[in-house]
Amino acid sequence: IGSECSPLKLYTSFLFCLSFCESRAPPLLKLSRVEELPPFNLCAAFNLDVENPTVYSGPNGSYFGYSVEFYLTNSSSVSVVIGAPKANTSQRNITEGGSVYYCPWSLGQSECHNIEFDNQGDRTVTLNNTDYQAEVKSHQWFGATVRSHDDTILACAPLYSWRTKEDMPQSDTTGTCYLSVKNFTKFVEYAPCRTEFINEGGQGYCQGGFSADFTKDGKVVLGGPGSFFWQGQVISAAKEEIIKAYYPGYFMQSVEGQIQTRQAQLKYDDSYRGKIFPLIILPLPLLSTHAGFLCRLLESELRLGNVTTILLNQIMGSYFGYAVATADINNDGMVDLLVGAPMYMTRGSDSRLEEVGRVYVYLQRGPLNLEPTLNLTGTQVFGRFGSTIAALGDLNQDGYNDVAISCPFGGDDQQGLVLIYNGFVGGLRDTPSQVIAGQWASGTVPASFGFALRGAKDLDMNGYPDLIVGAFGVDKTVLYRSRPIVNTSASLTVYPTMINPEEKSCSVNNDFQVEVQLDRLKHKQKGGVKRALFVDSQQTVLTRSVRVRNRERVCHDTKIYLRDDKEFRDKLSPIYISLNFSLDPQAAFDSHGLRPILNYQSTELIEQKAQILLDCGEDNICVPDLKLAVDRKEAYLGDDNSLTLTFNARNEGEGGAYEAELYVVLPPEADYSGIHSFSLLSLTCSYETENQTRYLSCDLGNPMKSGTSLWAGLRFTVPRLKDTRKTVQFELQIRSKNENNSHSEVVPYRLEVVVQADVILQGVSRPDKVFFPPPNWKVSKSPQVEQDIGPAVQHVYELVNKGPSGISHTVLQLSCPLSVQGQGLLYPLEISTEGPLNCTTNHSINYMQLKVSNQSLEFLYITPLLGNLVVMTNSLPPPQVVTPVVWNKPDSQYSVPMWIIILAILAGLLLLALVIYVLYKLGFFKRSLPYGTAMEKAQLKPHATSEA
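Mapping of the sequence shown onto full-length UniProt numbering: residues 1 to 948, in sequence order.
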C-alpha cells in the first residue's frame with residue numbers, strides 16, 4: 001500500500017491467483033534452508049501510534065499530568081490542557097498553589113505555557129479597621145480537575161480553604177473553581193460551597209471541584225464529596241449565569257438557576273456523593289460498607305434533593321464506582337455504562353486473595369434499564385485496573401465507540417498500562433486491541449501512567465480521535481494520535497488442487513508481477529527437501545511490493561512446479577500455500593506525519609492447499625494392510641556377541657503404504673551394526689535416539705505397494721549382555737504416513753539368552769619334587785625367617801575360558817594338606833594373585849609372622865585367567881596338583897669323632913707310601929719298551945705323535 005491515504009477509512013481488495021506446473025523445471029535450485037517471516041502482530045500496536053508519541057513535560061514534582069483535557073481553540077484547532085496541582089506559581093506567599101498548562105499542538109512541537117487563572121495571593125477582609133486573611137491557596141491542588149467546553153476551560157482546586165483561624169475556630173476546605181472564557185480573555189471564579197453553611201454539618205468540607213464536568217449544553221456540574229458529613233453534594237449551573245454572577249472581591253455569590261442536592265438521611269453519611277462522575281451519571285464510590293452504588297440525577301431531582309439508586313454492588317472493599325464512563329459502545333443509540341472497581345480482588349493460584357481490579361459493563365436496553373453484560377478483570381496484581389475509564393469515540397472507524405481503561409501501577413517496574421477495548425454490536429470486546437505501556441519506570445513516586453485519560457477528540461484533524469495519557473508521578477503527559485486504518489479483503493485461488501506427477505507440461509516464464517507478499521510455502525513433511533517451488537525464482541518464498549489504490553481490485557497469476565517425485569518423500573500430506581500481505585513499512589508519511597495501519601481484525605494470512613495424485617483409486621485414499629513376521633530362534637552369544645534379526649514385511653491392503661518404515665526399538669543391551677538383505681531390495685536404515693529411546697528406522701518403500709513381501713535381516717551386537725537376563729526383547733512395527741490403517745501391530749521379538757563356555761582348570765607345582773629334610777637343616781623352636789620352616793613350594797593354578805560365552809561370579813576352591821597325622825606338613829606363607837581376583841582363606845596365612853625374603857617362592861600363586869570374565873562353574877572335575885616329597889636318611893645320633901677320621905686318613909696315606917716303595921724295589925717301574933732300538937724309536941716318533 002502506498003502513501004495515498006484518505007482521512008477516512010481505506011479499502012482495498014486482493015485476489016492472488018496461483019497455478020501448479022506439474023513437472024520438473026530445470027535447473028533445480030537445492031534449498032538448504034528457507035527463512036519464514038515472523039507473523040504480523042497487530043494486536044500489540046493497533047491504530048494509536050505508540051512509536052511516535054508527543055510527550056509534554058512539566059516542572060519536577062508538580063504532578064504535571066494529574067488531569068488532562070482536549071481544548072478546542074477554534075473551529076479547526078485542538079490543543080491540550082494539563083493540570084499540575086503541586087506546581088509553584090508566581091502568586092505571592094503561595095506554596096504549591098497548583099497550575100494549569102496550555103499546550104498548543106503542532107507536528108514535532110511539545111511546548112506548554114502556564115494559564116494565569118488567578119494571579120492574586122491570599123485575599124484579606126477588613127473588620128474593625130483590621131485586615132484578616134480570608135483564604136488559604138497554598139497546597140490547594142489547583143488543576144486537580146480540568147475540563148473544557150468549546151472555548152471555556154474549567155479548572156478546580158478542591159483543597160482550597162477559606163475563613164482563617166482568626167475568623168473561625170478553623171478554616172473550611174470548601175474548594176473553588178475558575179473558568180477561562182473566550183480563549184483566556186476573561187477569568188471568573190466559581191465557588192458554590194463557599195457559603196454560610198459551615199463545618200462538617202454544612203458545606204465546610206465540601207471540596208467542591210473534586211470532580212467536575214460540562215453537560216452537552218455547557219452547564220457546569222461540580223461534585224463536592226465532603227458536604228453534610230461526607231454525604232456528598234452535586235451542584236450545577238449554566239456557565240453563562242456563572243459569568244454574570246461573578247464580582248471580583250466577593251467571596252459568596254448567587255448564581256441564577258443554580259441547582260444542587262440537599263442533605264439526605266443519616267444513613268447516607270460517609271457516602272462521598274459527587275466524588276467522581278461523567279456528565280449526569282454520578283457515582284457514590286464509598287458507603288460505610290465500601291460497596292458503593294450509582295445514582296441518576298435529573299434537574300427536577302436536583303431541586304428536590306432526591307436520589308434514584310439504579311445499581312448496587314456488594315463486593316466489599318472493591319471501590320465499585322471509583323471510575324465511571326458512558327459511551328454508546330454497541331451503536332444502538334443509547335448510552336451504556338462502564339463502572340470501575342480498581343481494588344476488586346480474586347483468588348490466585350495459591351488460593352490467596354489478590355487485588356487486580358475489575359470493570360463492569362452495562363448495556364442500556366431502555367431508559368434506566370441497565371443490563372450487566374461483561375466483567376473485565378485485570379491481570380496485574382496491585383495494578384489498580386479500572387482506576388480510570390475514558391470514552392474514546394470510534395478509534396478504528398468501524399461504527400462502534402471504543403474505550404480506554406487504565407492500570408496505572410501495572411506492567412514492568414510498575415510503569416503503568418492503558419488498555420484499548422473496541423465496541424461492537426454485542427457491547428465491548430473482552431480482549432484489548434492494543435496495550436500501551438508507559439515509558440518510565442516508577443521511582444520514589446509511582447509513574448501512575450494512565451491515572452488521567454482523555455479521548456474522543458481529533459487533535460490533528462485526520463478523521464480519527466486521539467488519546468491523552470497523564471503520568472503525574474514523572475510529570476509527563478503523552479499524546480497518542482490515531483493512524484488511518486486500511487481495511488482489506490483478499491482471496492487466494494490454487495489450480496489444480498490435485499497434481500498428477502506423471503504429467504509433464506510445464507513452461508518456465510518470468511512475465512508476471514505480484515503486489516502482495518506470498519509469505520511461505522509450508523510443507524508438513526519429513527526431511528528438508530521442499531516439494532514445490534515458484535517457477536520464476538525456484539524458491540519457496542515469493543515477495544513482491546506494488547501500489548494498490550483506494551478501492552482497487554487487482555489479480556496476479558504465477559506458477560508453482562512440483563519436483564520430481566524421487567526427490568522428496570512426503571506424497572500424502574497436502575502442499576500448503578499461504579498468502580500473507582502487509583503494508584509497506586517504507587511508505588512515506590502522510591500530511592499528518594502518520595502511516596496507515598491494517599485493521600487488526602483483518603485476515604492477513606490466507607492458506608490454501610493442493611494434493612498429490614496417488615495410485616489409490618478415485619477417492620485418492622490408500623488403505624494399506626501391513627503385516628510383520630519375525631524369525632524366532634535361540635542365539636549363542638560368543639565373544640563378538642553378534643546376532644541377526646530376520647523379518648518379513650508385507651502389504652496386503654488395497655493401496656500403497658507411503659513413507660513406509662520398519663520401526664525397531666532396541667533393548668539397552670543391543671547396538672545396531674548393519675543390514676543383511678535376502679532380496680534385491682536395497683534396504684537403508686538410520687539409527688536415532690529420542691527421549692532416551694534408541695530405535696532403528698528402515699525405509700521399506702515410498703510407496704510400499706500392495707502385494708509387496710520382503711525378507712531382510714538386521715545385524716546387532718549385544719556387548720552389555722548379562723547372564724541375569726534370560727531374554728533380550730526387540731519391538732518391531734511397520735509405520736506409514738497414510739491417514740487410514742497406517743501402522744502394523746507391534747511385534748515383540750524375545751531372544752532367548754543361551755550361554756556356552758569351555759572352562760579349563762589346571763595347576764603345576766614348582767619345584768616338581770621336594771627333598772626333605774634339606775641338607776644342614778635343623779628344627780628351630782622359635783623360627784624367625786622362612787628358611788627356619790623348611791623348603792619353599794609354589795603351586796600355580798590357571799583357569800582358562802575358551803568361550804564362546806563369558807560367565808561371571810566364579811569361586812575357585814583350593815584344598816591343601818597342611819598336616820599329616822597331626823604333624824605339620826605345609827606352612828601357608830603367602831597368596832599372590834593377578835587380575836580381578838579376591839581370595840579368602842579359613843586358615844591364617846604366615847601366622848608366625850616370619851620374615852619373607854624377596855627371592856623366596858610363595859606357597860600359593862594364581863596366574864591371570866585367560867578368556868572372558870572368570871566365572872563360577874560347578875561342572876569342572878576337581879584337578880590335583882601333586883608335589884612328591886623325597887625323604888633323605890636322617891643323620892645318626894652316634895657320629896665318628898673327628899680325630900679318628902684324621903687318624904684313619906693318615907694311616908691310609910702311610911700304607912699307600914709303603915706299597916709304592918715295595919713296587920719300586922721289585923722293578924715294577926723299570927719294564928722294557930715295546931719297540932726296539934733308539935733309532936727305531938726316532939723313526940717311529942712322528943707316527944706315534946700322530947697317533948697321539
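Backbone N, C-alpha and C define an ideal beta-carbon position, used for all residues, glycine too.
Practice problem: Grab the span of the alpha helix (DSSP H) containing Met461 for me, first residue to last. | Solution: First-last for Met461: undefined, no H or E at that position.
Self-check item: the segment 239-253 contacting the segment 106-119, beta-carbon criterion three pairs below 8 Å
Solution: With the cut-off at 8 Å, the segment 239-253 and the segment 106-119 do not touch.
Practice problem: Could you tell me whether the segment 129-140 touches the segment 196-210, where touching means 3 or more Cβ pairs closer than 8 Å? | Solution: Touching, no, given that fewer than three Cβ pairs across the two stretches are closer than 8 Å.
Self-check item: Inside the segment 717-771 only - beta strand (DSSP E) runs reaching at least 3 residues
Solution: The qualifying runs are 727-735, 747-754, 759-766.
Quiz item: Under a three-way DSSP split, which group does Tyr600 fall into?
Solution: Three-state result, Tyr600: coil.
Quiz item: Where does Thr261 land, buried or exposed, given buried means 16+ other C-beta within 10 angstroms?
Solution: Counting other Cβ atoms within 10 Å of its Cβ, Thr261 reaches 16 or more and is therefore classed as buried.
Quiz item: So, helix, strand or coil for Met252, using DSSP?
Solution: Of the three classes helix, strand and coil, the one that applies to Met252 here is coil, per DSSP.
Practice problem: Check Val820 in the structure and name its three-state DSSP category. | Solution: Judged by DSSP in its simplified three-state form, Val820 adopts strand.
Exercise. Return the CA-CA distance between Glu567 and Ala610, expressed in angstroms with no decimal places.
Key: Distance between the alpha carbons of Glu567 and Ala610 is about 18 Å.
Quiz prompt | Other residues of its chain near Arg454: CB distance less than 7 Å, five sequence neighbours each side excluded | solution = If we look at Arg454 and ignore the five residues flanking it on each side, its Cβ neighbours are Val68, Glu69, Phe70, Ala390, Ile468.
Quiz item: Are the beta-carbon atoms of Trp105 and Glu135 separated by less than 9 Å?
Solution: Their beta carbons are not under 9 Å apart, which means Trp105 does not touch Glu135 by this criterion.
Quiz item: Should Phe772 go down as buried or exposed, given a rule of 16 or more other Cβ atoms within 10 Å for buried?
Solution: Around the CB of Phe772, fewer than 16 other CB atoms lie within 10 Å, so the residue is classed as exposed.
Quiz item: Since residue 1000 and Tyr102 are thought to touch, with beta carbons under 8 Å apart, how far apart are those beta carbons, to the nearest angstrom?
Solution: A question about residue 1000 goes unanswered here, because the residues of the chain that appear run from 1 up to 948.
Quiz item: How big is the Cα-Cα spacing for Lys851 and Arg694?
Solution: Whole-angstrom Cα-Cα distance: 59 Å.
Practice problem: Leaving aside the five residues before and after Ile94 along the sequence, list all residues of the same chain whose C-beta is less than 6 Å from its C-beta, in chain order. | Solution: Cβ within range, chain order: Gly121, Lys137, Ser138.
Quiz item: Just how far apart, CA to CA, sit Ser238 and Leu605?
Solution: Inspection of the sequence shows that residue 238 is occupied by Ala rather than by Ser. Pairing Ala238 with Leu605, the inter-Cα distance amounts to about 55 Å.
Exercise. Pick helix, strand or coil for Val50, following the three-state DSSP scheme.
Key: Here Val50 sits in coil by DSSP.
Self-check item: Burial state of Arg720, where buried means 16 or more other Cβ atoms lie within 10 Å
Solution: Counting the other Cβ atoms within 10 Å of the Cβ of Arg720 gives fewer than 16, which makes it exposed.
Quiz item: Between the C-alpha atoms of Lys522 and Ala532, what's the straight-line distance to the nearest angstrom?
Solution: The pLDDT assigned to Lys522 is 38, lower than 50, so where the model puts this residue is not dependable; a value taken from the coordinates is nonetheless given after this. For Lys522 and Ala532, the gap between their C-alpha atoms comes out near 9 Å.
Quiz item: Do Gly175 and Gly97 have their C-beta atoms within less than 9 Å of each other?
Solution: Using a Cβ distance threshold of 9 Å, Gly175 and Gly97 do not count as a contacting pair.
Quiz item: Based on the DSSP output, what are the partners of Glu69 in its beta bridges?
Solution: BP columns for Glu69 point to Val81.
Quiz item: Do Val335 and Ala323 have their C-beta atoms closer together than 9 Å?
Solution: No. Outside cutoff.
Quiz prompt | Option in Thr444, Tyr797, Ala907 with minimal Cα separation from Val881 | solution = Out of Thr444, Tyr797, Ala907, Tyr797 has the C-alpha closest to the C-alpha of Val881.
Self-check item: Residues of its chain near Ser780, where Cβ-Cβ distance is below 7 Å and the 5 sequence neighbours each way are ignored
Solution: Residues Asp788 of the same chain have their beta carbon placed closer than 7 Å to that of Ser780, with the five preceding and five following residues left out of the count.
Self-check item: Beta-carbon separation (whole angstroms), Ser706 vs Gly655, contact threshold 8 Å
Solution: Going by Cβ atoms, the distance from Ser706 to Gly655 rounds to 6 Å, so yes, they are a contact pair.
Quiz item: Looking only at its own chain, which residues have a Cβ that is under 7 Å from the Cβ of Tyr687, when we skip the five neighbours before and after it?
Solution: For Tyr687, the CB contacts under 7 Å within the same chain, skipping 5 residues up- and downstream, are Tyr672, Leu696 in chain order.
Quiz item: Which residues mark the beginning and the end of the alpha helix (DSSP H) in which Gly908 is found?
Solution: Its alpha helix (DSSP H) spans residues 898-921.
Quiz item: Comparing alpha-carbon positions, which option in Asp150, Thr493, Ala456 lies nearest Leu479?
Solution: It is Ala456 whose Cα lies nearest to the Cα of Leu479.
Practice problem: Measure from the alpha carbon of Pro791 to the alpha carbon of each residue in Thr152, Lys769, Arg194, then state which is nearest. | Solution: Nearest C-alpha to Pro791: Lys769.
Self-check item: CB-CB length for Leu374 against Asp430, believed under 8 Å
Solution: The pair is a contact, with the Cβ atoms about 6 Å apart (cut-off 8 Å).
Quiz item: Near Glu200, what residues of its chain come up, given a Cβ to Cβ distance below 6 Å and the 5 sequence neighbours on each side ignored?
Solution: If we look at Glu200 and ignore the five residues flanking it on each side, its Cβ neighbours are Phe229.
Quiz item: Should Cys839 be labelled buried (16 or more other beta-carbon atoms within 10 Å of its own) or exposed?
Solution: It is exposed - the Cβ of Cys839 has fewer than 16 other Cβ atoms within 10 Å.
Practice problem: Spell out whether any CB of chain D is found under 9 Å from the CB atom of Leu72. | Solution: Note that chain D does not occur in the displayed structure, where there is just one protein chain.
Quiz item: Quick one: is Lys182 buried, meaning 16 or more other Cβ sit within 10 Å of its Cβ, or exposed?
Solution: Counting Cβ neighbours within 10 Å, Lys182 comes out exposed, since fewer than 16 surround it.
Exercise. State the start and end residues of the unbroken alpha helix (DSSP H) segment that holds Lys239.
Key: Residue range 239-245 is occupied by the alpha helix (DSSP H) that includes Lys239.
Exercise. Quickly, what does DSSP pair Arg262 with across the bridge? List them, please.
Key: Answer is none; Arg262 lacks a bridge partner.
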